[in-house]
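In my numbering, the protein residues as written are 108 to 269.
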């Protein structure tokens, strides 16, 4: 394999692994709270079954990683790429923080605040990524759609349990 192809594959693996690792960190807050707290909450009728969240989030983290890779491959010497990946990193941290706020603190209100900030960061990431790679931006659309749904769900859980 050529050196550049090895570099490309390495970048892809690193990008996806970082995103999956963020999901793993978030699950440290989520997993113990589901049986002990989340299952006791009043939830709206449109709440998906608990088993659906893990595969959806896993797929979204993989898409995030591929998206970041497509931007990263344009070169870190490019200021636009550095800026876009910086915003991406911020939204990834905010994603973990949402899990910590909602599940770790067991606070739907804190989660609602966190997911609102996360949504803005995802939108900013999509806009920045799209200027560098249209495909990278499009790969994040399922993510913002899911987070939009999660924000609505978060809002109703907060209201039903306030």
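Yeah, the Cβ is synthetic: ideal placement off N, Cα and C, and Gly gets one too.
Through-space distance from residue j to residue i, alpha-carbon basis
| i | j | result |
| --- | --- | --- |
| residue 236 | residue 168 | 16 Å |
| residue 260 | residue 238 | 31 Å |
| residue 141 | residue 158 | 11 Å |
| residue 267 | residue 176 | 40 Å |
| residue 220 | residue 113 | 41 Å |
| residue 247 | residue 171 | 6 Å |
| residue 231 | residue 154 | 27 Å |
| residue 199 | residue 121 | 14 Å |
| residue 240 | residue 138 | 35 Å |
| residue 146 | residue 193 | 36 Å |
| residue 222 | residue 125 | 20 Å |
| residue 244 | residue 229 | 10 Å |
| residue 202 | residue 111 | 32 Å |
| residue 178 | residue 190 | 11 Å |
| residue 127 | residue 185 | 25 Å |
Beta-carbon proximity list for residue i, same chain, < 7 Å, skipping 5 on both sides
| i | result |
| --- | --- |
| residue 182 | 188 |
| residue 242 | 177 |
| residue 249 | 167, 170 |
Where residue i falls, given that 16 or more other Cβ within 10 Å makes a residue buried
| i | result |
| --- | --- |
| residue 195 | buried |
| residue 210 | buried |
| residue 174 | buried |
| residue 225 | buried |
| residue 129 | buried |
Contacts around residue i, its chain only, beta-carbon distance under 6 Å, and the 5 residues preceding and following it disregarded
| i | result |
| --- | --- |
| residue 217 | 208 |
| residue 263 | 151 |
| residue 197 | 228 |
| residue 233 | 244, 247 |
Cut-off 8 Å between Cβ atoms - residues of its own chain near residue i, not counting five sequence neighbours on either side
| i | result |
| --- | --- |
| residue 265 | 215, 216, 218, 219 |
| residue 180 | 115, 118 |
| residue 149 | 264, 267, 268 |
Heavy atom of the ligand PLP within 8 Å of residue i beta-carbon
| i | result |
| --- | --- |
| residue 157 | No copy of the ligand PLP appears in this structure; indeed no ligand is present at all. |
**Study point:** beta strand (DSSP E) runs wholly inside the stretch 195-225, at least 3 long, in chain order
**Key:** none
Check your understanding: If we count Cβ pairs, one from each stretch, closer than 8 Å, do we get three or more for the stretch 252-262 versus the stretch 147-167?
Key -> yes
Check your understanding: Is the stretch 121-137 in contact with the stretch 201-210, if contact means three or more CB pairs nearer than 8 Å?
Key -> yes
Practice item. At 3 residues or longer, and completely inside the stretch 230-266: list those beta strand (DSSP E) runs for me, N to C. Key: none
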